[in-house]
Amino acid sequence: MPDLLANLNPEQLAAVTLPNEPALILAGAGSGKTRVLITRIAWLIQQRFATPATVLAVTFTNKAAREMMGRLTALLPIDTRGMWIGTFHGLCNRMLRAHHRDAGLPATFQILDTADQLSAIKRLMKGLGVDDEKYPPKNLQYFINNAKEQGLRPDQVDASDTFNQKFVELYRAYEQQCQREGVVDFPELLLRCYELLVHHAPLRAHYQARFKHILVDEFQDTNKLQYAWLKLLAGPSNAIFAVGDDDQSIYAFRGANVGNMRDFEREFNVRHLIKLEQNYRSHGYILDAANQLIANNARRLGKNLRTDAGHGEPVRVYEAATDTQEAAWAVEEIRALMNQGLARGEIAVLYRSNAQSRAIEHTLVSAGIPYRVYGGLRFFERQEIKHALAYLRLIDNGNDDTAFARVVNFPTRGIGARTIEQLADAARLYNCSMAAAIPYVTGKAGSSLASFANLIAKMRVETERMSLPETVEYVVRTSGLAEFYEGEREGQDRLENLQELVNAATAFVSEEGYGLDTPARSIPLSRGASAAPEIGFSPDDAGDPATTVLDAPGLDEPAQNPDLMTPLAGFLSHASLEAGESQAQAGEDAVQLMTVHAAKGLEFTAVFITGLEEGLFPHENSAIEPEGLEEERRLMYVAITRAKERLYLSFAQSRMLHGQTRYNIRSRFFDELPQETLKWLTPKAEAGARWGGRSDNAGWGRDWFARPDRQQGRYGGSYGGYAATEGAAAALPAFANEQREADTGFRVGQQVFHTKFGEGAITALEGSGADARAQVRFKRHGEKWLALAVAKLQVVE
DNA sequence: TGGGCAGAAGTTTTT
DNA sequence: CTTCTGCCCA
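As C-alpha cells, then:
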C-alpha cells in the first residue's frame, strides 16, 4: 500500500486527512494545491472512507480535470470509470444526458459554444426584425448569460427600464428558440442541471446520497450558479472540500465571485480552514515582492507565502524608451539566459493584453529564437471543423437550426440568402425548425432545399450502423467538404484538419471505452451493462448507492446509467465542451509568450512581465469597475508568482497601440513592491519629480496620456502640470489652457443608458472633445467616471 | 455568389 | 495599426 502521506508538510497533511466535514483550504501560489486535492481523494479511498463512486471532484478546465484523473490513477489503481471528475459543464452535461427527459430536453440535445450562441442570437433578432444597432447581439448575449449565471429566467429578471424590457423579451424568445431546436448554451447546461435537481426530489436525493465527498478546485473562480449547484448537491449532510486562493481571483469579469469563499465559510459553518503558505516554487525575493504587493488589497482572507529557499536573485527592473526597445532588451536577456544553459521552455514573457505580443514576436523572429504564443484559434473552433461538426449535428438532431444554417449552403449548392430567408419565414410561420419547414417552400428554391434535405436523410440512413470514426469520415466525404477544400488553393491545411477530426474521433472512442465497432448513434450496450457495478473496487461496493440506484424505482429511464450517451452525442459534447489545444507553434522547446491570465497555474524558471505601465497594467478599463484595481493587483500577484528563480519587470515610456503612440508612466505597482528586492537595470526615476503629482481620484486611468502634438487620440491629453524632463516627456507642452467648452451633447442630470452598467444619471461633466468625461451615478453600479469617447452613453428619452 | 471595400473597434477567457 | 464585419456591386 503506497504511503500517500509521505513528504507532505504539516498543513498539507492536515488538509488531506481532515474528517468528512466542510473545509476550506486557502492554498497560496505554488503551495501544492493540486497535490493536496489529489492526495485527499486517494487517501479517502485508500482508507475506505470513500469509494470512487462517492467522490465528485470539479474543476474549471478540462486540462485540470485530466491532470487530476491522471495523477490519481498513478497514485492508486482505481477504476476511474465510475468517478465523477470533470468540469462544471462536463458534469452537468453528463447529468442532463442521463436525465434528459426530466430536464425537458431531447436525448440528442446539442451544445452551443459561444460562437454558435451568438449566431443563434443574430438569427433570432433578424427573424424578429430587431434593430441590431440599438440592441447589439453581443450585448444581448452578455445579458442572457449573465442572467442565467445569476440563476434567473426571463420572468425573474428585473425589467424596470425599457431597455431591459426589450432584452428580457428577447431572452424569452431566445429560450423558446433553443427549446424548439433542442440546443443548450454553456450557462444553460448549469442552470438546467441546477433546476433539474431542484425540481426532482428523487434525483436530488439520489445524487446527495451518492456524492458524500465533493471536492472543488479553484473555488475562488466559481460563480453564483456554480456555488448554488454545489450547495444543492451537498445537501444537508455532505461535505464540500473547497480549495482556492482569493488572491488569485482574476476572473471576476466573467462572473467569478470571490465572495463565494466567505459565503461558504459562513453558510457551511466551516470549522476547518487551513492555509497552505509554504511555497515550493519561488526564491525569497520573488515571494517578498508578491507578498508585499498583495498586502495592498483590502478585503483578503489573509495569507503570506514563505519559502525555505534563500533570497535568490533580486527582481530586475528595466525602463525602455519604446515598446520596440523593451522587446529588444528582453530578447537580449533571453539570449543570455539561453547561453547560460536555460531551456527556452523555462522562459516566459507575460503581458497584460494580447496586442502586446506583436513587438516581442517580431524581435524573436529576427533573432531566430523559437517561441510559442498561447491563445488563438483552437482545433474545434476552426471553420472546416465546425462545418463538419454541423453535418454530424444535423444527422443527430435535425432541428438544430444553427447547424442547419451553417451548412445548408456550404459547400455552395445554389441556396442563396433569398431562399434561406423564405425558409426562415416558413419556419417561423409554422413554428418549426428550418429543416421541417422545407416542404413549405415552393418552386426552384424549394427543390434545391429538398435535395439538401435528401442529402442529410441519406447520410442519416447510411451511417446507421457505422462506427463514430467511419461516420465522421463518411460525412467529410459525402457533404462535399473534402472536395471543396481540395479545390481551394489554401485548402491543404483544412483537409489535414478534417483528417485530424477523424483521428480525434478514433481517439475519443478508445479513450472513452466505447467498442471500436459500436455504431455511432446507438446506445452502447456493453457499456450500459458492464458499467452497472460502477465501482469494482472493494467488497463494500455492494451496498453503494451508485450501484443500487440503477434499479431504484421512481427514477426515469434510461437515465440511471450516467454513461448512457451514444458515441456521437459524446463526441459532439466533447467538441463543444473542449475546444482543444490552441495551435501548437514553433519547436517543442520554445520561449513561452502569453497573457498573465493564461499563465495562471504555470511556472517558469525565468519570467518577464512586460508593459508595466499605467493604463496597461493596471489596465485603464478596470478603473470603471469598483474593485477593478484590486483585481489588477491580483493579476500582478499571479504574474510574479509564476517565477521560480529570475523575475524581470519592464515598462516603456512610449508604446504603439491602435496605430497611435501612447506615452505612459510606469505602473503604480512598482511603488508597492519592497524596494530592497528590486535591482534597477536602468536608473530609477523618481515618479514624483519626473511626472508631477498623481491624481488619486476615481478616474485613475487618465494617468497616461497621448502625445498632444499628434492629437489624434481619443485620449488627447488636456491635463497640464506634468513636469517635462527628458526624452518623450520633453515633447509635452503645457496644455491646460486649450480646454474649450465644446458641447458634448450631454448635460448634468440627464438620464443615460450604458450597455454594461445599465441606467444612470449624469452627475458631473468635465473636459471636452476626445477627452470629455462624465460622472454617472448608475442604479446598480454606483458612481463612475466615463470617457464619453469610449463609453457610448445613450440618452434615455 | 463571391469578392472587394469601407468602417468600426480593439482587456483579460473557459466552458 | 490590424482585424473583423457587413454591405454593395458585378
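The first sequence begins at 1 in the UniProt record's numbering and counts up by one.
Where a beta carbon is used, it is the ideal one built from N, C-alpha and C, also for glycine.
As the structure is a computational prediction, the values presented were derived from the model and not from experiment.
In chain order, what residues of the same chain lie with their CB nearer than 7 Å to the CB of residue i, ignoring the 5 residues before and after it?
| i | result |
| --- | --- |
| Phe410 | His387 |
| Gln208 | Leu233, Gly235, Asn238 |
| Val408 | Ile415, Ile420, Phe452 |
The beta strand (DSSP E) with residue i in it runs from where to where?
| i | result |
| --- | --- |
| Phe373 | Before going further, note that residue 373 is Val rather than Phe in the sequence given. Note, Val373: beta strand (DSSP E), 371 to 373. |
| His213 | 213 to 216 |
| Leu24 | 23 to 27 |
| Met656 | 643 to 657 |
| Asp113 | Careful: Asp113 lies outside any beta strand (DSSP E) and carries neither H nor E. |
| Arg316 | 315 to 322 |
| Tyr351 | 347 to 351 |
| Leu273 | 272 to 276 |
| Asp185 | 183 to 185 |
| Val130 | Note, Val130: premise wrong, no beta strand (DSSP E); not H, not E. |
| Leu678 | 678 to 680 |
| Leu56 | 55 to 59 |
Can you give me the C-alpha to C-alpha distance between residue i and residue j, rounded to a whole angstrom?
| i | j | result |
| --- | --- | --- |
| Ala417 | Ile111 | 26 Å |
| Val157 | Ala228 | 18 Å |
| Leu75 | Ala327 | 44 Å |
| Ala599 | Ile286 | 16 Å |
| Tyr391 | Met459 | 9 Å |
| Leu5 | Arg66 | 22 Å |
| Gln750 | Phe167 | 22 Å |
| Asp396 | Met68 | 32 Å |
| Arg401 | Val509 | For the sequence presented, residue 401 should be read as Asp rather than Arg. Approximately 27 Å, taken between the alpha carbons. |
| Met434 | Phe670 | 58 Å |
| residue 799 | Leu468 | Nothing about residue 799 can be reported from this structure: the residues present for the chain run from 1 to 797 only. |
| Ile41 | Ala103 | 30 Å |
| Lys303 | Lys275 | 7 Å |
| Ala505 | Phe571 | 7 Å |
| Glu421 | Ala120 | 15 Å |
| Glu620 | Arg406 | 38 Å |
| Ala15 | Gly28 | 14 Å |
| Arg101 | Ala107 | 7 Å |
| Thr595 | Ile347 | 14 Å |
| Leu657 | Leu481 | 39 Å |
| Leu678 | Arg642 | 17 Å |
| Glu672 | Gln292 | 7 Å |
| Gln177 | Arg153 | 14 Å |
| Gln325 | Arg335 | 15 Å |
| Gly628 | Leu612 | 16 Å |
| Thr442 | Ala457 | 20 Å |
What span of residues does the alpha helix (DSSP H) with residue i cover, start to end?
| i | result |
| --- | --- |
| Asp493 | 492 to 511 |
| residue 862 | For residue 862 there is no data in the structure shown, the boundaries of the chain being 1 and 797. |
| Ile286 | 284 to 294 |
| Met434 | 434 to 437 |
| Gly90 | 88 to 98 |
| Leu392 | 383 to 396 |
| Thr471 | 468 to 478 |
Leaving out five residues on either side along the sequence, give the residues of the same chain with a beta carbon under 6 Å from the beta carbon of residue i.
| i | result |
| --- | --- |
| Ser448 | Gly414, Ile415 |
| Pro187 | Asn145, Lys148, Glu149 |
| Arg521 | Thr566, Leu568 |
| Asp113 | Ser576 |
Output needed for residue i: all residues of its chain with C-beta closer than 8 Å, excluding positions within five of it in sequence on either side, in chain order.
| i | result |
| --- | --- |
| Arg428 | Gly127 |
| Glu488 | Arg494 |
| Arg300 | Asp246, Asp247, Ile294 |
| Trp329 | Tyr318, Ala320, Ser650 |
| Leu96 | Ala103, Leu105, Phe109, Val184, Leu189, Arg192, Cys193, Leu196 |
| Leu13 | Leu5 |
Using DSSP's beta-bridge definition, name the partner residues of residue i.
| i | result |
| --- | --- |
| Glu613 | Arg666 |
| Lys600 | Per DSSP, none; premise fails for Lys600. |
| Gly244 | Leu26 |
| Met594 | Leu350 |
If residue i sits next to residue j, beta carbons under 8 Å apart, how far is it from one beta carbon to the other, in whole angstroms?
| i | j | result |
| --- | --- | --- |
| Val243 | Phe211 | That belief does not hold up - the Cβ atoms of Val243 and Phe211 are roughly 17 Å apart, past 8 Å. |
| Gly182 | Asn223 | Actually they do not touch by this definition, with Cβ atoms about 25 Å apart. |
| Glu631 | Ile250 | 6 Å |
| Glu645 | Ala590 | About 19 Å; that fails the 8 Å criterion. |
| Ala289 | Pro674 | 6 Å |
Is residue i near the ligand GTP, going by C-beta to nearest heavy atom under 7 Å?
| i | result |
| --- | --- |
| Lys148 | Of ligands this structure carries none, so the ligand GTP is not represented either. |
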